[in-house]
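Protein chains in written order, with this note's numbering: chain W, 472 to 799; chain F, 24 to 286; chain B, 20 to 309. Backbone N, C-alpha and C fix where the C-beta goes; we use that ideal spot for every residue, glycine too.
What follows is the structure, encoded as structure tokens:
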């Protein structure tokens with residue numbers, strides 16, 4: 472049954488440009504894809520390793536600028552720029568990872584926000600490098616193996632590949648010894664250490680992977696919009712990613728995907744009906760409501776509801792709703 | 024494979040929680056560390072296992088100095104401890120708790136995992152099998168899929184034990200394993216500790232329950248005011264006048280009564 | 020040299036209001052362990068309340084500031100009662116997310132209500148700067164400095180000389196014992212949050228007329244508040260006061276001698292450096308709420 476659903480989904484995804492005619496809708500799907508990568512990456516750090524990092528837009532932005540600068544100023548090929556973007560963000564992530572170990576809880580949150588703030592200020596003020604508030608227009612189109620990804624339909628496939636890669640990376644990591652180490656650190660760090668899990672190392676792995684994926688998303692964004700400006704560092708983007716992860720379900724694999732699609736599609740759908748400022752007010756209200764009523768997010772809540780319909784097995788104590796182990 | 028502690032001291036601000044203790048835990052024994060509250064027992068555990076930095080002194084395990092290493096590095100050398108407060112991975116299932124405990128038994132790093140190497144899958148299957156065996160060993164087979172945080176207290180402590188054993192300790196430091204347990208649960212714990220020793224693991228226990236301690240220990244070390252005041256087989260330590268004085272001073276009774284949950 | 024003195028004086032004026040922001044946040048963050056991401060929004064609310072009072076109701080300046088204080092306290096109390104109290108036992112992440120939600124909702128509500136264009140607040144003071152030796156200072160800024168000083172002094176009096184302040188300190192040091200001694204912890208929390216919000220609103224009311232008001236002005240204010248709290252040490256009033264002055268002066272010196280674009284960097288950099296080098300801040304944890 473599952474295989475059938477997955478197969479249908481894959482078929483739909485692969486043929487999307489054929490049945491989704493409007494370029495605007497394809498644009499929305501592309502943005503959803505980019506945000507899927509961002510949400511999945513944030514989920515690694517926030518949901519699995521349990522580190523509330525609120526500077527994620529910094530990794531996105533570093534990736535975008537790195538890719539844009541290398542392809543625009545140094546004529547690097549697209550793929551090399553993408554890899555460099557991931558590497559640059561990954562390096563920043565490594566720094567954050569080391570920091571996460573020294574500085575905890577609310578202070579870590581503040582440090583990540585400050586880090587993003589400083590990077591943002593640098594991008595606005597370092598005119599020679601980043602061209603300041605005007606940004607970098609004319610970023611070259613993505614080109615792979617001779618194919619130029621200029622049209623929306625073509626770019627859709629590129630983003631689809633990127634999103635698939637991100638989900639695959641997260642899935643592999645999470646369902647492994649590494650993923651267990653992340654969870655252990657989130658659940659009970661002293662206990663994790665006592666069985667040989669090195670917190671410094673694993674926090675770094677989580678942070679680097681998370682940042683590198685976000686950097687890749689940044690590169691994809693840069694070559695899609697063909698213009699990179701300091702607005703990529705906006706705190707709004709970070710907040711959006713956090714909402715996607717938290718609403719979708721942090722610490723689950725499907726959660727960020729659901730969250731990304733929902734919170735990309737919803738504002739676009741509401742755009743006709745509701746003014747942008749009201750949307751943002753709604754975002755805030757939604758976040759508050761989520762924390763109160765759906766603290767675990769949509770995916771676990773749906774999962775628990777489905778499970779509640781099945782009778783509990785005899786002789787075994789009932790589990791907490793939504794407390795199903797994320798491991799196989 | 025001896026755990027040797029020499030002149031170990033820990034100072035917090037102005038207070039010396041541990042004032043230069045020296046003792047040895049010999050291989051293949053069950054050694055207990057007892058003493059009135061505040062004597063420094065958990066501090067000693069924390070200093071030995073890397074959760075506290077000693078102000079002075081050395082800790083050597085199997086001939087190598089381990090003081091100042093990170094807890095995960097010390098655990099990697101076979102020195103594993105449990106915690107005074109119940110310590111499990113609360114929102115994960117018992118099976119996953121133990122799988123995490125088996126961390127050191129695996130070799131798959133993030134690179135091998137991402138590349139999807141074949142041997143990683145084989146390793147996962149082997150680890151899953153080991154986890155099942157460990158759960159059987161502590162008697163929690165019926166609870167495999169239950170969320171650890173939702174289990175009753177006594178069973179959570181069994182999960183703790185399974186997790187610690189999963190890390191393949193050569194010496195196991197148990198911090199008050201019987202605290203808050205009923206008499207039959209304590210019996211079960213005593214039996215388990217003996218079974219663990221039979222497997223070739225040295226056991227170093229901090230406990231308050233004297234009957235349990237005197238019943239299972241080969242050696243008893245007594246701490247008071249941050250210093251060792253007696254060391255030897257249970258019968259000798261029980262009769263030691265300084266030990267009696269230490270306990271009379273704090274609780275008004277010689278260290279022989281069962282009185283669970285005292286101190 | 021005169022340049023330096025001028026910068027110092029400007030820095031003091033700003034620093035006084037930053038101290039207000041910091042004292043408010045250190046009480047909330049320190050006493051209630053709530054990471055108040057909406058702190059900047061109370062600052063904004065205070066500024067807009069003053070704007071409304073002066074531009075539309077034509078109130079006296081000081082009444083306007085008082086109105087702002089009252090508005091901040093009222094909304095703060097409401098937020099605490101409705102959103103934070105039910106979450107009392109939850110982890111710090113949860114309350115953080117809720118406050119982020121409040122921040123987004125409030126900021127955009129202001130945007131909806133007043134529009135995005137920056138406005139200037141009319142004030143009754145002469146614009147001709149007073150010249151005192153080598154430095155010149157606008158009368159408005161002098162008033163701001165005096166008012167900030169008065170409010171800081173008032174805060175100290177509240178914390179140290181009133182029963183309420185005693186209850187707050189007791190709750191901070193040892194909530195369980197305080198409760199046993201008859202302190203109504205829930206009430207103390209509500210009052211503390213309201214007080215902290217009121218101080219933030221006061222800062223907005225005072226600085227609003229000096230610069231311009233616009234809906235997102237709270238973002239930088241929040242940054243400065245956190246920076247001051249971290250610099251001064253969580254829960255320490257003298258720390259927040261000193262930290263506020265240091266930040267104000269640092270910003271002025273940075274803007275004057277480095278580049279005005281990096282003025283805001285001072286706040287971020289202070290946070291990063293303090294947390295890396297001396298996480299407990301200038302005043303160690305032992306000195307809390309007093």
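With a 10 Å radius around its C-beta and 16 neighbouring C-beta atoms as the bar for buried, classify residue 108/F as buried or exposed.
-> Its Cβ having fewer than 16 others within 10 Å, residue 108/F is exposed.
Quick check: the region 207-225 of chain B against the region 183-197 of chain B, are there 3 or more CB pairs under 8 Å?
-> Contact between the region 207-225 of chain B and the region 183-197 of chain B is present: three or more C-beta pairs spanning the two stretches fall below 8 Å.
Is residue 126/B buried or exposed, if buried means 16 or more other CB atoms sit within 10 Å of its CB?
-> buried
How long is the line joining the alpha carbons of residue 306/B and residue 252/B, rounded to whole angstroms?
-> Summary for residue 306/B: the model assigns pLDDT 33, below 50, so the residue's position carries little reliability; its value from the coordinates is reported in the next sentence. Residue 306/B and residue 252/B: Cα-Cα distance of roughly 9 Å.
On the three-pair Cβ rule with 8 Å, is the region 131-139 of chain F touching the region 642-659 of chain W?
-> yes
When the Cα atoms are used, what is the spatial distance from residue 122/B to residue 73/F?
-> The straight-line gap from Cα to Cα measures roughly 42 Å.
Ordered along the chain, which non-local residues of its own chain (more than five positions away) have a Cβ less than 6 Å from that of residue 236/B?
-> 63
Output, in sequence order along the chain, the residues in the region 739-766 of chain W whose CB is closer than 8 Å to any CB in chain F.
-> none
Mind checking if residue 648/W is an interface residue toward chain F, Cβ cutoff 8 Å exclusive?
-> yes
Any chain B beta carbon closer than 8 Å to residue 572/W | Answer no: the Cβ-Cβ gap between residue 572/W and chain B never drops below 8 Å.
Looking only at C-alpha atoms, which of 65/B, 54/B and 79/B sits nearest to residue 523/W?
-> Checked all of 65/B, 54/B and 79/B; the closest Cα to residue 523/W is 54/B.
Between the C-alpha atoms of residue 507/W and residue 731/W, what's the straight-line distance to the nearest angstrom?
-> Rounded to whole angstroms, the separation of the alpha carbons of residue 731/W and residue 507/W is 5 Å.
So, is residue 270/B buried or exposed, given that buried needs 16 or more other C-beta atoms within 10 angstroms?
-> buried
Below 6 Å CB to CB, which residues in the same chain sit around residue 120/F once its five sequence neighbours on both sides are set aside?
-> 111, 112, 171, 182 and 186
Inspect the beta-carbon positions of residue 39/B and residue 268/B and report whether they are closer than 8 Å.
-> no
Assigned secondary structure, residue 84/F (DSSP; H/G/I helix, E/B strand, else coil) = strand
Give the interface partners of residue 129/F over in chain W, defined as CB-CB distance under 8 Å, in chain order.
-> Result: 648.
Does any residue of chain W bring its CB to less than 8 Å from the CB of residue 367/B?
-> Because chain B here runs from 20 to 309, residue 367/B falls outside it and cannot be looked at.
Say whether chain F places a C-beta atom closer than 8 Å to the C-beta of residue 562/W.
-> Chain F, which has no Cβ nearer than 8 Å to the Cβ of residue 562/W, makes this no.
Check whether the region 85-93 of chain B touches the region 680-688 of chain W, counting contact only when three or more Cβ pairs, one atom from each stretch, lie closer than 8 Å.
-> no
Cβ-based contacts, 8 Å cut-off: residues of the region 703-737 of chain W near chain B | 706, 710, 713 and 717
Report yes or no: do three or more beta-carbon pairs, one from the region 509-524 of chain W and one from the region 543-557 of chain W, lie closer than 8 Å?
-> Look at the beta carbons and you see the region 509-524 of chain W not touching the region 543-557 of chain W: under three pairs across the two are nearer than 8 Å.
Residues in its own chain within less than 8 Å of residue 790/W by CB, not counting five upstream and five downstream?
-> The predicted model places residue 790/W with a pLDDT of 43, which falls under 50 and marks its position as unreliable, so this point remains unresolved.
DSSP beta-bridge partners for residue 222/B?
-> Note: residue 222/B sits in no beta bridge, so no partner.
Mind pulling the chain W residues with CB within less than 9 Å of residue 42/B?
-> At a C-beta separation below 9 Å, residue 42/B has no neighbours in chain W, since its nearest C-beta there lies roughly 18 Å away.
What are the start and end residues of the beta strand (DSSP E) that includes residue 226/F?
-> 225-229
Would you mind sorting residue 712/W into buried or exposed? The rule is 16 or more other CB atoms within 10 Å of its CB.
-> buried
In chain C, which residues lie with their C-beta within 9 Å of the C-beta of residue 294/B?
-> Among the protein chains of the structure shown, namely W, F and B, there is no chain C.
Three-state secondary structure (DSSP) at residue 596/W?
-> helix
Would you identify the three-state DSSP class for residue 550/W, choosing helix, strand or coil?
-> helix
For chain W, find out if any of its Cβ atoms is closer than 8 Å to the Cβ of residue 142/F; answer yes or no.
-> no
Neighbouring residues, chain W, relative to residue 77/F (Cβ below 8 Å) = Per Cβ cutoff of 8 Å: no residues; residue 77/F is ~17 Å from chain W at best.
Contact list for the region 665-697 of chain W against chain B, Cβ threshold 8 Å = none
What residues of chain F sit near residue 643/W, judged by a beta carbon separation below 7 Å?
-> Those within 7 Å of residue 643/W in chain F are 136, 137 and 139.
Mind checking which residues open and close the beta strand (DSSP E) that includes residue 39/F?
-> 38-48
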